[in-house]
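There are 2 protein chains.
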Amino acid sequence: MIKVLLVDDHQLFGEGMRSMFTAEDGIAIVKVTTNGHQIPTILKDLEIDVILLDISMPQIDGIGVMELLKNEGFDLPVLMLTMHKEMKYIRRTLEKGAQGYILKDASKPELVEAIQKVSRRENYFHPKINNQIFDYLRGGKGSNAADLINELSEREIEIIGCLAKGMNGRAVAEALFISEHTVKTHRRNIMHKLGTKNTAELITFSIEQGII
Amino acid sequence: MIKVLLVDDHQLFGEGMRSMFTAEDGIAIVKVTTNGHQIPTILKDLEIDVILLDISMPQIDGIGVMELLKNEGFDLPVLMLTMHKEMKYIRRTLEKGAQGYILKDASKPELVEAIQKVSRRENYFHPKINNQIFDYLRGGKGSNAADLINELSEREIEIIGCLAKGMNGRAVAEALFISEHTVKTHRRNIMHKLGTKNTAELITFSIEQGII
DNA sequence: GTAATAATACCACTTTGGGGGTATTAAAGC
DNA sequence: GCTTTAATACCCCCAAAGTGGTATTATTAC
Numbered sequence: 060m061i062k063v064l065l066v067d068d069h070q071l072f073g074e075g076m077r078s079m080f081t082a083e084d085g086i087a088i089v090k091v092t093t094n095g096h097q098i099p100t101i102l103k104d105l106e107i108d109v110i111l112l113d114i115s116m117p118q119i120d121g122i123g124v125m126e127l128l129k130n131e132g133f134d135l136p137v138l139m140l141t142m143h144k145e146m147k148y149i150r151r152t153l154e155k156g157a158q159g160y161i162l163k164d165a166s167k168p169e170l171v172e173a174i175q176k177v178s179r180r181e182n183y184f185h186p187k188i189n190n191q192i193f194d195y196l197r198g199g200k201g202s203n204a205a206d207l208i209n210e211l212s213e214r215e216i217e218i219i220g221c222l223a224k225g226m227n228g229r230a231v232a233e234a235l236f237i238s239e240h241t242v243k244t245h246r247r248n249i250m251h252k253l254g255t256k257n258t259a260e261l262i263t264f265s266i267e268q269g270i271i
Numbered sequence: 060m061i062k063v064l065l066v067d068d069h070q071l072f073g074e075g076m077r078s079m080f081t082a083e084d085g086i087a088i089v090k091v092t093t094n095g096h097q098i099p100t101i102l103k104d105l106e107i108d109v110i111l112l113d114i115s116m117p118q119i120d121g122i123g124v125m126e127l128l129k130n131e132g133f134d135l136p137v138l139m140l141t142m143h144k145e146m147k148y149i150r151r152t153l154e155k156g157a158q159g160y161i162l163k164d165a166s167k168p169e170l171v172e173a174i175q176k177v178s179r180r181e182n183y184f185h186p187k188i189n190n191q192i193f194d195y196l197r198g199g200k201g202s203n204a205a206d207l208i209n210e211l212s213e214r215e216i217e218i219i220g221c222l223a224k225g226m227n228g229r230a231v232a233e234a235l236f237i238s239e240h241t242v243k244t245h246r247r248n249i250m251h252k253l254g255t256k257n258t259a260e261l262i263t264f265s266i267e268q269g270i271i
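Next comes the structure, spelled out in structure tokens:
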């Protein structure tokens, strides 16, 4: 019997999931919580094999929960269970060490397979996610999108994030404690690397490609 | 026994809901579909008391389903069951004749109460929704993000789309066969409506809010 | 018939963005 | 040691964005 902790802010979804699994499935949702902050307490009380984790939650989001688990020293396989199929979320959660990624429009047999695999420390990706990753890696015209992104430095991604918030050159400079000239240089380098004509296109591209 | 049809694109949610109700609840989810277009066929085959309807779905959204039901001459109480608490959605569905509105982060007893009320042709609004409506009426239009979007005209959305592609004022003007001055006026009005400081923030906001 | 809205267009002005350079420093790779 | 890369910073210049107005016309709403 695989013991699962479900973290999802939608109570109804949680209750539904809980009553969906019977002894025959070999899977039991032993606990449901809507607040990620409660996870450490729960893990100390209960024996858990797999964590089923949603991304968009009010108190602390899925990414935050992954960081929390790492900082607290918990080493449990995490299966992301979410409605988001955007590359941005997939990439972020995998970077944080998620063992698998499945969508809420999956079927029960698919979820069972995913939980079983993840409990054995195998990776699971929903077929739709695989396609998404494939498209992502294949990228745009001629050049590889993933490579373009890899060419960006951490600082450059930081700059993009600031610009996306509507900050202008001066605001970014003040926020990062650097000169306006430097911000300008960074922006220029970024646009050159990504092949965008202006900041507006840079933002669109960055969001589409999951850079920010 | 209240017989319910659930329309939701997330298979897992549907299966969970189905197994959540037992005979004791006096409620049975007799059918789950992920495609709103199948509703007329289902209603002709099965006896249904209440329709539980999600809003965001790929083939046809909740608003579209409401229209479909009306056009086909079906008169069944509809309870909206969705994650969206934005006034935009609440208002639209109520305009189309929804009998109630409940959120996915409600509890099972709340849902049971909602289904019972709606089946008796009484209205049901989740407490959080009531607050939302109260805020809306108190703050007037344009008081939250979702309503800001409704204030945009079709032309303005078209302009945003062009800007997101990296087109500058002149390029947009040429594409839409209008003057650069007009584009500038539109952009200004859009930024004023959405409360953004510059084009970069405008793009971020528009993508996040699903305007483009 | 009047009020409100959407789409159009213009003027004048200031600020910011975007393109061309060049250069120094520290860290990382070979 | 030498080279490469990332991050920093400055110069000049012009185009574009952004801000303050005003205004006409057609359509929709009441």
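These protein sequences, in sequence, are chains F and L.
Under our numbering, the first sequence is numbered contiguously, ending at residue 271.
Under our numbering, the second sequence is numbered contiguously, ending at residue 271.
Heads up, the beta-carbon is just placed ideally off N, CA and C, and yes, glycines get one too.
{"Check": "Buried versus exposed call for F/G85 [16 or more other C-beta atoms within 10 Å across all chains shown]", "Outcome": "exposed"}
{"Check": "Inter-residue Cα distance where the pair is L/Y183 and L/L65", "Outcome": "17 Å"}
{"Check": "Euclidean distance between Cα positions of L/H251 and F/G159", "Outcome": "43 Å"}
{"Check": "Span separating the alpha-carbon of F/E87 from that of F/P168", "Outcome": "The question names Glu, but residue 87 of chain F is Ala in the sequence shown. The straight-line gap from Cα to Cα measures roughly 14 Å."}
{"Check": "Cα-Cα separation, F/T263 to L/M79", "Outcome": "42 Å"}
{"Check": "Which of helix, strand or coil DSSP assigns to F/I249", "Outcome": "helix"}
{"Check": "Which of helix, strand or coil DSSP assigns to F/K90", "Outcome": "strand"}
{"Check": "Pair within 9 Å by beta-carbon distance, F/Q70 and L/K163", "Outcome": "yes"}
{"Check": "C-beta neighbour in chain L for F/R77, strict 9 Å", "Outcome": "yes"}
{"Check": "CA nearest to the CA of F/F133, picked from F/K144, F/I119, F/V109 and F/Q118", "Outcome": "F/V109"}
{"Check": "Proximity test, Cβ basis, 9 Å: F/N203 and chain L", "Outcome": "Residue confidence for F/N203 is low, a pLDDT of 45 falling below 50, so the modelled location carries little weight and cannot support an answer."}
{"Check": "Which listed residue (F/A259, F/N94 and F/K90) has its alpha carbon closest to that of F/I107", "Outcome": "F/K90"}
{"Check": "Whole-angstrom distance between L/P136 and L/I270, CA atom to CA atom", "Outcome": "30 Å"}
{"Check": "Under the three-state DSSP convention, the category F/L112 falls into", "Outcome": "strand"}
{"Check": "Residues bridged to F/F184 [DSSP beta-bridge criterion]", "Outcome": "F/Y160"}
{"Check": "Endpoints, alpha helix (DSSP H) assigned at L/K129", "Outcome": "G121 to E131"}
{"Check": "Nearest-angstrom Cα separation, counted from F/C221 out to F/I174", "Outcome": "38 Å"}
{"Check": "Exposure label - L/T100; buried when at least 16 CB within 10 Å", "Outcome": "exposed"}
{"Check": "Contact set for L/K187: own chain, Cβ-Cβ below 7 Å, skip 5 residues either direction", "Outcome": "K144 and L162"}
{"Check": "Segment limits, beta strand (DSSP E) that includes L/L138", "Outcome": "V137 to T141"}
{"Check": "Beta carbon of F/L140 nearer than 9 Å to that of F/L105", "Outcome": "no"}
{"Check": "Start and end residues, beta strand (DSSP E) containing L/I270", "Outcome": "Per DSSP, L/I270 belongs to no beta strand (DSSP E) and is neither H nor E."}
{"Check": "Alpha helix (DSSP H) segment containing L/L222, residue limits", "Outcome": "E213 to A223"}
{"Check": "Simplified DSSP assignment, three categories, for L/I174", "Outcome": "helix"}
{"Check": "Identity of the residues DSSP links to L/V63 by a beta bridge", "Outcome": "L/I88 and L/V109"}
{"Check": "Buried or exposed (CB count within 10 angstroms, at least 16 for buried), F/V242", "Outcome": "buried"}
{"Check": "Short-range partners of chain F found in the region 165 to 188 of chain L, where Cβ spacing is below 7 Å", "Outcome": "A165, S166, K167 and L170"}
{"Check": "Residues of the region 65 to 90 of chain L whose Cβ lies closer than 7 Å to any Cβ of chain F, in chain order", "Outcome": "D68, H69, Q70, L71, F72, E74, G75, M76, S78 and M79"}
{"Check": "C-beta atoms of L/T152 and L/M125 nearer than 9 Å", "Outcome": "yes"}
{"Check": "Cβ-based contacts, 7 Å cut-off: residues of the region 254 to 266 of chain L near chain F", "Outcome": "T255, K256, N257, T258, A259, E260, I262, T263 and I266"}
{"Check": "Limits of the unbroken alpha helix (DSSP H) element including L/K103", "Outcome": "I98 to D104"}
{"Check": "When L/R179, L/G254, L/N94 and L/L253 are compared against L/I61, the one with the closest alpha-carbon", "Outcome": "L/R179"}
{"Check": "Helix, strand or coil at L/A234 [DSSP, three-state]", "Outcome": "helix"}
{"Check": "Pair within 9 Å by beta-carbon distance, L/T258 and F/A259", "Outcome": "yes"}
{"Check": "Whole-angstrom C-beta distance between F/G75 and L/F236, which should lie under 8 Å", "Outcome": "The pair is not a contact, with the Cβ atoms about 52 Å apart (cut-off 8 Å)."}
{"Check": "Among F/A234, F/G225, F/S238 and F/D120, the one whose alpha carbon lies nearest that of L/L261", "Outcome": "F/G225"}
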